[in-house]
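Undergrad: Position one of the sequence shown corresponds to residue 86 (the numbering used here), numbered consecutively onward.
Beta carbons: idealized from backbone N, C-alpha and C, even for Gly.
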Amino acid sequence: MRGGARGLLYLVGTPIGNTGDLSPRAKEVLSSVDLIACEDTRRTGLLLSEFGIRGDLISYHEHNKAAKGEVLIRKLKEGLDIALVSDAGMPSISDPGEDLVKQCIANVLPVSVVPGPVAAITGLVLSGLDTTHYHFEGFLPSESGPRRERLEFLTKVKETMILYEAPHRLNKLIDELIACGFSDSSAAFCRELTKKYEEVIRLKVCEAKDHFGKNAPRGEFVVCLEPIREEKVYSDDEIDSLIRKFSEEGMSTKQIAGEISSITGRNKKEMYSYILNMLK
Numbered sequence: 086m087r088g089g090a091r092g093l094l095y096l097v098g099t100p101i102g103n104t105g106d107l108s109p110r111a112k113e114v115l116s117s118v119d120l121i122a123c124e125d126t127r128r129t130g131l132l133l134s135e136f137g138i139r140g141d142l143i144s145y146h147e148h149n150k151a152a153k154g155e156v157l158i159r160k161l162k163e164g165l166d167i168a169l170v171s172d173a174g175m176p177s178i179s180d181p182g183e184d185l186v187k188q189c190i191a192n193v194l195p196v197s198v199v200p201g202p203v204a205a206i207t208g209l210v211l212s213g214l215d216t217t218h219y220h221f222e223g224f225l226p227s228e229s230g231p232r233r234e235r236l237e238f239l240t241k242v243k244e245t246m247i248l249y250e251a252p253h254r255l256n257k258l259i260d261e262l263i264a265c266g267f268s269d270s271s272a273a274f275c276r277e278l279t280k281k282y283e284e285v286i287r288l289k290v291c292e293a294k295d296h297f298g299k300n301a302p303r304g305e306f307v308v309c310l311e312p313i314r315e316e317k318v319y320s321d322d323e324i325d326s327l328i329r330k331f332s333e334e335g336m337s338t339k340q341i342a343g344e345i346s347s348i349t350g351r352n353k354k355e356m357y358s359y360i361l362n363m364l365k
């Protein structure tokens, strides 16, 4: 508590797997605040005990955020400094912390951040996919209707996508991605990030179906996904140019038809007739 002033809410990043990633500043803040709000008091208590930190804990999670949010706002108004942590990573990312931040803003209460690991970004930088632009999706809804809507939305995204998925639902997600047209998209399936057995499985989505069919998924996954690959649509002029090029190279009409069909997806028999007429 800071002498009658309104309290400060700290958003504190915690390790996503390796406790050595808890920053010195995070330890300092967690040691000094009046109250620590966390998703699971037992889990956070174990983390704190590892570093010899003693603190008063209060649960704050998806199922009690409305009631506990009011309690925390009241305590901040009374001048208590509070640290908000999630079970792993940064509060407010796939986490009810965003609601508490909004409440603080609405009540003109100060909020500060103590940065830490984020599973999504950790997976992205390991994925080998494009990091220039990316879309964070997180967990898809479990309800079938909203889930279909989000999957349909993802088919239109033109940048690397980052999803979270539980091991028992990973094969279902892969089937859904294949059904939506992501079969040939490259993906990175990241698990046990920052831990001893960290693993990044890089393959196409269609290959992932076979891989995880033989190797049962274990642990929470960060899935980094390449956008659906769009096939080039060739104009008639471009096809004519290819035909002339292959003809000048000495290819037969049959060979040209096969090559054009392979490149453009056009029907081979139709291309054969078209080439015969063109090269008369």
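Counting only the same chain and skipping the five closest in sequence on each side, list residues whose C-beta sits under 6 Å from that of H218.
TA: For H218, where only same-chain residues beyond five positions count, the Cβ hits under 6 Å are E244.
Undergrad: What is the DSSP secondary structure of R254, counted as helix, strand or coil?
TA: In the structure shown, R254 sits in a helix (DSSP, three-state: H, G or I).
Undergrad: Quick one: grab the DSSP three-state call for I101.
TA: I101 falls in the coil class under three-state DSSP.
Undergrad: From the DSSP output, in three-state form, read off F331 for me.
TA: F331: helix per DSSP, three-state reduction.
Undergrad: So what does DSSP say about L225, is it helix, strand or coil?
TA: Coil at L225, not helix or strand.
Undergrad: So, K289 versus S320, is the Cβ gap smaller than 9 Å?
TA: Against a cut-off of 9 Å, the Cβ pair of S320 and K289 comes out as no contact.
Undergrad: Under DSSP, the alpha helix (DSSP H) around L157 begins and ends at which residues?
TA: Its alpha helix (DSSP H) spans residues 150 to 162.
Undergrad: Taking Cβ positions, are L132 and L107 nearer each other than 9 Å?
TA: Contact flag set, yes.
Undergrad: At the level of alpha carbons, what is the spacing between K299 and P195?
TA: Roughly 51 Å between the two C-alpha positions.
Undergrad: Identify the continuous alpha helix (DSSP H) that holds K112 and give its terminal residues.
TA: Segment 109 to 117, the alpha helix (DSSP H) holding K112.
Undergrad: Among all the DSSP beta bridges, which residues are the ones paired with L94?
TA: L94 pairs with I167, V196.
Undergrad: Extract the residue ranges of the beta strand (DSSP E) inside the region 265 to 312, only unbroken runs of 3 or more that lie entirely within it.
TA: If we require 3 residues or more, the beta strand (DSSP E) runs fully inside the region 265 to 312 come out as 271 to 276, 284 to 289, 306 to 310.
Undergrad: Exposed or buried, what is F224 when buried is set at 16 or more other beta-carbons lying within 10 Å of its beta-carbon?
TA: It counts as exposed.
Undergrad: Cutting at 8 Å between CB atoms, please list the residues of its own chain near M336, excluding the five before and the five after it.
TA: E344.
Undergrad: Going by the CB atoms, is the gap between E124 and V198 shorter than 9 Å?
TA: No. Outside cutoff.
Undergrad: I'd like to know whether the C-beta atoms of G154 and L142 end up nearer to each other than 9 Å.
TA: No, the Cβ-Cβ distance between G154 and L142 is not below 9 Å.
Undergrad: With S358 as the anchor, note down where its alpha helix (DSSP H) starts and where it stops.
TA: Start and end: 353 to 363.
Undergrad: Considering just the uninterrupted stretch of the beta strand (DSSP E) at S144, what are its terminal residues?
TA: Per DSSP, S144 belongs to the beta strand (DSSP E) from 142 to 144.
Undergrad: Considering only C-alpha positions, which residue in the set P100, S117, R110 is nearest to R128?
TA: R128 has its Cα closest to that of P100, out of P100, S117, R110.
Undergrad: Distance check for L255 and R110, CA to CA, integer angstroms please.
TA: About 36 Å.
Undergrad: Give the secondary structure of L248 by DSSP, where H, G and I count as helix, E and B as strand, and everything else as coil.
TA: Strand at L248.
Undergrad: State buried or exposed for T216, treating a residue as buried only when at least 16 other CB atoms are found within 10 Å of its CB.
TA: By the neighbour-count rule (16 or more Cβ atoms within 10 Å), T216 is not buried but exposed.
Undergrad: Using a Cβ-Cβ cut-off of 8 Å (strictly less than) and excluding sequence neighbours within five positions of R303, which residues of its own chain qualify?
TA: Hits under 8 Å: P252, R276.
Undergrad: Quick one: Cα of E316 to Cα of T126, how far?
TA: Their Cα atoms are separated by approximately 51 Å.
Undergrad: Need the endpoints of the alpha helix (DSSP H) that A122 sits in, please.
TA: It is not in any alpha helix (DSSP H) - A122 instead sits in the beta strand (DSSP E) that spans 120 to 123.
Undergrad: Can you name, in chain order, every residue of its own chain whose Cβ lies under 7 Å from the Cβ of S179, other than the five neighbours on each side?
TA: For S179, where only same-chain residues beyond five positions count, the Cβ hits under 7 Å are G223, F224, Y249.
Undergrad: Kindly list the residues whose CB is nearer than 8 Å to the CB of E135, restricted to its own chain and excluding five residues on each side of it in sequence; keep chain order.
TA: Here the set comprises T104.
Undergrad: I believe I360 touches I328 by the beta-carbon criterion, under 8 Å. Please report the beta-carbon distance rounded to the nearest angstrom.
TA: That pair is a contact at about 6 Å.
Undergrad: Taking just the CA atoms, how far does A273 sit from G213?
TA: Near 8 Å, if we compare the C-alpha coordinates of A273 and G213.
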